[in-house]
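Here's the structure we're looking at; comments come further down.
Residue numbers (our numbering): 566 to 637.
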């Protein structure tokens, strides 16, 4: 998948656990886990905004586009 989710990196930089983030943005720990693993197909802007507010970061700090390399 060309979109890489760096939520775990930002949590580590902010010395925050997934549980605390989940409580502060009012979603389940399971949803945080799915987001961290990149197993989600999308994220609401409202949720992304809350994550950015709590972690004091920009969306680009959390999501990175890396094009897939085609095999020849």
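A virtual CB, placed ideally from N, CA and C, is assigned to each residue, including glycine. All of these numbers come straight from a predicted model, not from anything done at the bench.
Segment contact: the region 628-635 against the region 580-596, fewer than three CB-CB distances shorter than 8 Å; contact not assigned.
The Cβ-Cβ distance between residue 573 and residue 604 does not fall below 9 Å. Residue 569: not part of any alpha helix (DSSP H); member of the beta strand (DSSP E) spanning 568-570, first to last residue. Take residue 613, set aside five residues on each side of it, and the residues of its chain with a beta-carbon closer than 7 Å to its own are 624, in chain order.
In the same chain as residue 599, and ignoring 5 residues on each side of it, the C-beta atoms closer than 7 Å to its own belong to 605, in chain order.
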